[in-house]
Amino acid sequence: MADTKYLDDFENMLRDGLVKVCRNAGLLGQEKFQSSEDITAKWNDELLKDFTADAVENFNDYPEATLAWAGFLGMAVANGWDKDWSAHKSDRYQDYYGSRGFDDMDENILWNILHLKEDYSKTVSSCMNSCAMATLGLIRHQGIEAQTAEGFYILIRAYSVMYEIGAAVELRRLGYKMVRYTKS
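Counting in numbering that gives the first Met the number 0, the sequence shown runs from 0 upward without gaps.
Okay, structure coming up:
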């Protein structure tokens, strides 16, 4: 198993870099990174295993897509959390698939789940692709070899960060802001 501190450092460095990419694209602001325990738990407890099986199978042929799809999945879950979590918390991983399964999950999420307008959809897709390219760049810069245990654990962390980024982008689009709560 890979060194946990190394993995944590990689994950934090990746998250910081991808937040900058999303801010530059106008999809995240300067406010604190948005998240939800429900959205995170959905990934860790239900989606991670099935998504990883699809993503690892497709990674060698489509590395950018497998990374970007994790971001789109985070957006879809955040959207369901906002709309009606009691109705969407039981959504299965395959419920996010498009008509061609994993291959067009991004289009299904953008058009059929989020119902995004074309211009914003292009902005989101471009940003998720930029995040995927930045992730691959960091993995290569770190000298992480594919087909190794370390490479597998790094990919799991990268998919998780992309999912978080996607969720944060969608929460911001939906108008969520961190507000200081004071008791009256």
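The beta-carbon is built from N, C-alpha and C at its ideal position, and this holds for glycine as well. If you're wondering where the values come from, they're calculated on a predicted model, not measured in any experiment.
If you draw a straight line from the alpha carbon of residue i to that of residue j, how long is it in whole angstroms?
i	j	result
Tyr-162	Ala-67	9 Å
Leu-109	Lys-121	10 Å
Ile-143	Glu-10	14 Å
Asp-90	Lys-19	31 Å
Ser-85	Leu-6	33 Å
Phe-101	Asp-2	31 Å
Ala-69	Gln-29	23 Å
Gln-93	Asp-8	32 Å
Asp-81	Glu-117	22 Å
Asn-23	Leu-113	22 Å
Ser-35	Val-168	12 Å
Leu-149	Ala-166	Per the sequence shown, residue 149 should be read as Glu rather than Leu. Roughly 26 Å separates the two Cα atoms.
Between which two residues does the alpha helix (DSSP H) carrying residue i extend?
i	result
Tyr-95	That residue, Tyr-95, is in no alpha helix (DSSP H); it is neither H nor E in DSSP.
Ala-145	No alpha helix (DSSP H) holds Ala-145; DSSP gives it neither H nor E.
Asn-43	That residue, Asn-43, is in no alpha helix (DSSP H); it is neither H nor E in DSSP.
With which residues is residue i paired in a DSSP beta bridge?
i	result
Gly-100	Gly-97
Going by Cα to Cα distance, which pick from the options is closest to residue i?
i	options	result
Thr-134	Glu-149, His-114, Tyr-5 and Arg-156	Arg-156
Asp-15	Leu-115, Phe-32 and Phe-101	Phe-32
Val-55	Ile-38, Leu-170 and Ile-153	Ile-153
Pro-62	Met-132, Gly-174 and Phe-50	Met-132
Tyr-95	Phe-71, Asp-60 and Arg-172	Phe-71
Leu-26	Thr-147, Asp-118, Cys-126 and Trp-80	Cys-126
Asn-43	Asn-78, Val-160 and Leu-173	Val-160
Asp-37	Tyr-119, Gly-73 and Glu-106	Gly-73
My output table needs one value for residue i: the three-state DSSP class, helix, strand or coil.
i	result
Arg-91	coil
Tyr-162	helix
Lys-116	coil
Leu-26	coil
Tyr-5	helix
Tyr-175	coil
Met-0	Any reading at Met-0 needs caution, since the residue's pLDDT is 49, under 50, leaving its predicted position unreliable; the model's value is listed next. Looking at Met-0 - three-state DSSP - the assignment turns out to be coil, as it is neither helix nor strand.
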